[in-house]
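Engineer:
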Amino acid sequence: DDGVRLWVDDRVIIDEWHDTRPTTYRAEIEPGGGPHLVRLEYYEHLANAMVRLTWHRPQDWQARYYTNRRLEGDPVLERWEEELDHDWGNGSPHPAVPADNFSARYTSNVNFKDDLYVFTMEVDDGARLWVDGELLIDNWREGIRTLRAEKRFDYEGERQMRVEYFERWGNARLRVYWERR
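In terms of the working numbering, the sequence shown has 126 at position 126, counting the first letter as 1, and numbering is strictly consecutive.
#1: Shortest alpha-carbon distance to Val123 belongs to which of Trp61, Pro93, Ala172?
#2: Is Leu84 closer than 8 Å to Tyr106 when the C-beta atoms are compared?
#3: Under the assumption that Glu28 contacts Arg5 (Cβ atoms under 8 Å), give the Cβ distance between them as a whole number of angstroms.
#4: Taking 8 Å as the threshold, find out whether the stretch 150-168 comes into contact with the stretch 84-102 through three or more Cβ pairs.
#5: For my contact list, Asp115 and Arg180 are in at a C-beta cut-off of 8 Å; report their separation, rounded to the angstrom.
#6: Could you give the distance in angstroms between the alpha-carbon of Tyr155 and the alpha-carbon of Val110?
#7: Below 8 Å on the Cβ atoms is my guess for Arg64 versus Ala104; work out the distance and round it to an integer in Å.
#8: Are there 16 or more other CB atoms within 10 angstroms of the CB of Leu37, so buried, or fewer, so exposed?
#9: For the beta strand (DSSP E) that Glu158 lies in, which residues bound it at each end?
#10: Suppose the cutoff is 6 Å on Cβ atoms and the five residues either side in sequence are ignored; what does the same chain contact list for Arg69 look like?
#11: Suppose only complete runs of 3+ residues qualify. What are the beta strand (DSSP E) ranges in the stretch 51-83, listed by chain order?
#12: Under a Cβ-count criterion, where at least 16 other Cβ atoms within 10 Å of its own Cβ denotes burial, should Pro22 be classed as buried or exposed?
#13: Once the 5 residues before and after Arg175 are set aside, which same chain residues still bring their CB inside 6 Å of it?
#14: With Asn139 as the anchor, note down where its beta strand (DSSP E) starts and where it stops.
#15: Thinking C-beta only, is Arg148 closer than 8 Å to Asn139?
#16: Look up Ile144 in the DSSP assignment and give the residues it is bridged to.
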């Protein structure tokens with residue numbers, strides 16, 4: 001709110017230099033290795049000023065945390081996470097999230113080879129895992145468990161992954177990983 005321009009290595013990737021209401025703009029780039037120069041310019045015409053810049057790698061997980069076990073309402077925390085390997089103990093993922101009775105939804109796009117994979121979830125308490133809309137693991141109940149499922153991909157490519165998790169009380173843990181068979 002209002003105009004914004006974003007450069008990466010002297011290349012404009014967002015150019016929205018006009019009055020507007022709060023809006024989200026997105027751009028995808030492949031910057032390559034090494035350091036990069038990022039420059040953001042913005043202006044405010046009237047009322048409140050707001051600008052926020054975030055970025056993530058394509059394989060990162062978009063995380064949304066809720067203050068209930070049912071993934072209901074608006075999330076109290078949204079962030080990007082490199083991997084799903086959390087052992088919060090009796091604590092919380094963030095001060096905005098309670099230590100007990102919370103839930104989270106994670107989404108990511110991950111590239112897989114055409115092969116057989118074993119997906120593993122180590123959880124305390126409940127969790128579910130979808131790949132390309134197919135529910136592979138469904139353990140929406142309290143307790144400590146290690147869960148596994150197999151999935152064969154017939155072609156190499158990007159897959160949509162979704163993980164849902166809830167914590168009832170006590171220790172909280174979520175670890176998700178996979179390996180080729």
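The C-beta atom is built at its ideal place from N, Cα and C for all residues, glycine as well.
Structural biologist: According to the structure data:
#1: Along the sequence shown, one-based indexing puts residue 123 at 123. Ranking Trp61, Pro93, Ala172 by Cα distance to Val123 puts Ala172 first.
#2: The residue you call residue 106 lines up with position 106 of the sequence shown. The residue you call residue 84 lines up with position 84 of the sequence shown. Yes, they are a contact pair.
#3: The residue given as residue 28 occupies position 28 in the sequence shown. The residue given as residue 5 occupies position 5 in the sequence shown. Between Glu28 and Arg5 a beta carbon distance of about 17 Å is seen, past the 8 Å cut, so the two are scored as non-contacting.
#4: The answer is yes - the stretch 84-102 touches the stretch 150-168, with three or more Cβ pairs under 8 Å.
#5: Taking the sequence shown and counting its residues from 1, one reaches residue 115 at position 115. Taking the sequence shown and counting its residues from 1, one reaches residue 180 at position 180. Sure, about 5 Å apart at Cβ, within 8 Å.
#6: For the purposes of this step, residue 155 is identified with residue 155 of the sequence shown, where counting begins at 1. For the purposes of this step, residue 110 is identified with residue 110 of the sequence shown, where counting begins at 1. Rounded to whole angstroms, Tyr155 to Val110 spans 13 Å at the Cα level.
#7: As a position in the sequence shown, residue 64 is number 64, starting the count at 1. As a position in the sequence shown, residue 104 is number 104, starting the count at 1. Sure, about 7 Å apart at Cβ, within 8 Å.
#8: Sequence index remark: in the sequence shown, residue 37 carries index 37 (1-based). Within 10 angstroms of the beta-carbon of Leu37 lie fewer than 16 other beta-carbons, which makes it exposed.
#9: Looking up residue 158 in the sequence shown gives position 158. For Glu158, the enclosing beta strand (DSSP E) starts and ends at 157-167.
#10: Along the sequence shown, read from residue 1 onward, the residue named residue 69 stands at position 69. These residues qualify, in order along the chain: Asn101, Ser103, Phe166.
#11: Assignment of beta strand (DSSP E) within the stretch 51-83, counting only whole runs of 3 or more residues, yields 61-66, 77-81 in chain order.
#12: The count along the sequence shown starts at 1 and reaches residue 22 at position 22. By the neighbour-count rule (16 or more Cβ atoms within 10 Å), Pro22 is not buried but exposed.
#13: Working through the sequence shown from its first residue, we reach residue 175 at position 175. Closer than 6 Å at the Cβ level, and outside the excluded window around Arg175, lie Asp85, Glu122.
#14: Position 139 of the sequence shown, counted from the start, is the residue given in the question as residue 139. Counting along the chain, Asn139 sits inside the beta strand (DSSP E) bounded by residues 134-139.
#15: The residue given as residue 139 occupies position 139 in the sequence shown. The residue given as residue 148 occupies position 148 in the sequence shown. It is not a contact, given that the beta carbons lie outside the stated cut-off.
#16: For the purposes of this step, residue 144 is taken as the residue at position 144 of the sequence shown. Per the DSSP secondary-structure output, Ile144 pairs in a beta bridge with Asp124.
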